[in-house]
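**Student:** In my numbering, the protein residues as written are 197 to 670.
(1) To the nearest whole angstrom, what separates the beta carbons of residue 331 and residue 310, a pair I think is in contact under 8 Å?
(2) What residues match up with residue 446 in a beta bridge as DSSP calls it?
(3) Using a 10 Å radius around the Cβ and a threshold of 16 neighbouring Cβ atoms, would you call residue 606 buried or exposed?
(4) From residue 427 to residue 461, what does the alpha carbon distance come to, in whole angstroms?
(5) Can you tell me where the alpha helix (DSSP H) holding residue 532 begins and where it ends?
(6) Residue 483 by DSSP, collapsed to three states: which one?
(7) Is there contact between the stretch 336-352 and the stretch 367-385, where contact requires at least three CB pairs shorter than 8 Å?
(8) According to the neighbour-count rule (16 or more other Cβ atoms, all chains shown, within 10 Å of its Cβ), is residue 235 buried or exposed?
(9) From this set, 361, 356, 334, which residue's C-alpha is nearest residue 343's C-alpha?
(10) Nearest-angstrom Cα distance between residue 402 and residue 604?
(11) For the stretch 455-475 and the stretch 491-503, state whether three or more C-beta atom pairs, one from each stretch, are separated by less than 8 Å.
(12) Please state whether the Cβ-Cβ distance between residue 382 and residue 437 is less than 8 Å.
(13) Taking the CB atoms as reference points, tell me whether residue 493 and residue 474 lie closer together than 8 Å.
(14) Starting from residue 515, follow its DSSP beta bridges and name the residues at the other end.
(15) Using 8 Å as the threshold, is the C-beta distance between residue 548 and residue 586 below it?
(16) Which ranges would you report for the alpha helix (DSSP H) in the stretch 587-633 if only whole runs of at least 4 residues count?
(17) If you draw a straight line from the C-alpha of residue 356 to the C-alpha of residue 626, how long is it?
(18) Hey, residue 590 and residue 328: beta-carbon distance below 8 Å or not?
(19) Ignoring anything shorter than 3 residues or poking outside the stretch 279-361, list the beta strand (DSSP E) runs there in chain order.
(20) At the level of alpha carbons, what is the spacing between residue 385 and residue 489?
(21) State the DSSP-derived secondary structure class of residue 272, mapped to helix, strand or coil.
(22) Under the rule that 16 or more other beta-carbon atoms within 10 Å means buried, what is residue 476, buried or exposed?
(23) Buried or exposed for residue 565, going by 16 or more other Cβ atoms inside 10 Å?
(24) Going by the DSSP bridge assignment, what does residue 568 pair with across the sheet?
(25) Given 8 Å as the limit, is there contact between the stretch 617-624 and the stretch 269-283, that is, 3 or more CB pairs closer than that?
(26) Between the Cα of residue 292 and those of 260, 212, 516, spot the shortest distance and give me the residue it belongs to.
(27) Taking the beta strand (DSSP E) that residue 394 falls in, what are its first and last residues?
(28) Within its chain, find whatever has a CB closer than 7 Å to the CB of residue 280; leave out the 5 residues flanking it on each side and keep chain order.
(29) Spatial neighbours of residue 601 within its chain, please: C-beta separation below 8 Å, excluding the five flanking residues on both sides.
(30) Does the distance from the CB of residue 469 to the CB of residue 294 come in under 8 Å?
(31) Answer with buried or exposed for residue 256, where buried requires no fewer than 16 other C-beta atoms within 10 angstroms of its C-beta.
(32) Please report the distance separating the alpha-carbon of residue 496 from that of residue 484.
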């Protein structure tokens, strides 16, 4: 009887809804929300509501959903006979050195590092400890983010990179002397160099003490470093830090169309490494316009960075760390093939660290509530499990990268270059200086040397526009 009644009611309601949708004028029709949502997008509708509610910039967690780096259009070239795959049993080298020209270079066992995510401004103390411990277990470094040096985090980190930051919280000799590398943070992919901050009512006593803030004082990240108001100031700062501490001194900046001009100054300053942070980078929370509409995609920025450092003749002693939206072993290795010496990961590291611990927040609260400083479930995070899961993720990723090296006939991840890549997109192939998948390597080599003409649909005038033989046709 109940089943019959349920079917009767359901059928009646369905008939009524269908009749209204088929008969009501469009302006009165509930179906009108479907084309409206298709046009505007569900995300924009919800975010418009948030803006209308608060009247303030909205802080979206973990960066932009707009991903413009076409990593999927790049593929690796395995070998079989003309060059043999690497014999199984041969050890694939995975180590990397950051800042080889520094007095005390930073030697890591794997090329995947934990990116800057700050204590207090972003993550909880437990989350920072778990990240540091997991990174140490995997033989890599973690990064302080825009924060002071936290003793608990430093204790867990075998290799610790500290950011000389725009808040001024890591910029004292006592803290700088305890770092394995110093990263001058002038901006980041998800927020550029916009001023940010944490309001005093959101700052706990532990956070306030670490930041050396007075009661009622906000934690402010300025648009500039207080001691850098010109390019000359930056050059002097780099020289002083390199001389006084001996560890690698790097520059982190938001990927920009002016990156070559920025790199000219960085090279003159003698930085040991650069972090190019693409627009797909994550953040604990930031204005959506800075996430979605500012900066360059990671892939484009990385390629241009490497090419320009080579043009300046400094690439051999200036390490490049790629950052921003890199989430899989394929992304990591493709970035390295394009010239990155190492990779920073952030959002995906948090996801891996949380693993089954996301169950503590889902489905009623987002997973970020388990790791953020203001998260409702931050105290429920199990540090030991989080560190273990992060270390396993890093190990798994590097093992997959090593398997690819076997297939390419390499014995070191650092041996993988642009020549090991092919693109299914002609424009991308030309821009990245890799072969286009539609024609053989030999055909494209002869075309570049002017000894063979490929079909006009492939050339599209590129050879006439780009006379340099260093460019690949597309």
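Positions of the beta carbon are idealized from the N, C-alpha and C atoms, including for glycine.
**Tutor:** Looking at the atomic coordinates:
(1) About 5 Å separates the CB atoms of residue 331 and residue 310; that is less than 8 Å, so the two are in contact.
(2) DSSP output for residue 446 lists 379, 469 as bridge partner(s).
(3) Looking at its Cβ environment, which holds 16 or more other Cβ atoms inside 10 Å, residue 606 is buried.
(4) Taken atom to atom, the span from the alpha-carbon of residue 427 to that of residue 461 is near 7 Å.
(5) 525-533
(6) strand
(7) In this structure the stretch 336-352 touches the stretch 367-385; the number of beta carbon pairs closer than 8 Å is three or more.
(8) exposed
(9) 361
(10) 50 Å
(11) yes
(12) no
(13) yes
(14) Per DSSP, the beta bridge partners of residue 515 are 469.
(15) Yes, the pair counts as a contact, with Cβ atoms nearer than the cut-off.
(16) 622-628
(17) 38 Å
(18) For the pair residue 590 and residue 328, the CB atoms are not nearer than the 8 Å cut-off.
(19) 292-294, 302-304, 308-310, 337-339, 355-360
(20) If you take the alpha carbons of residue 385 and residue 489, they lie about 11 Å apart.
(21) strand
(22) buried
(23) By the 10 Å Cβ count, residue 565 comes out buried.
(24) 319
(25) yes
(26) 516
(27) 392-394
(28) 605
(29) Same-chain partners within the cutoff: 282, 288, 607, 608, 609, 611, 612.
(30) yes
(31) buried
(32) 21 Å
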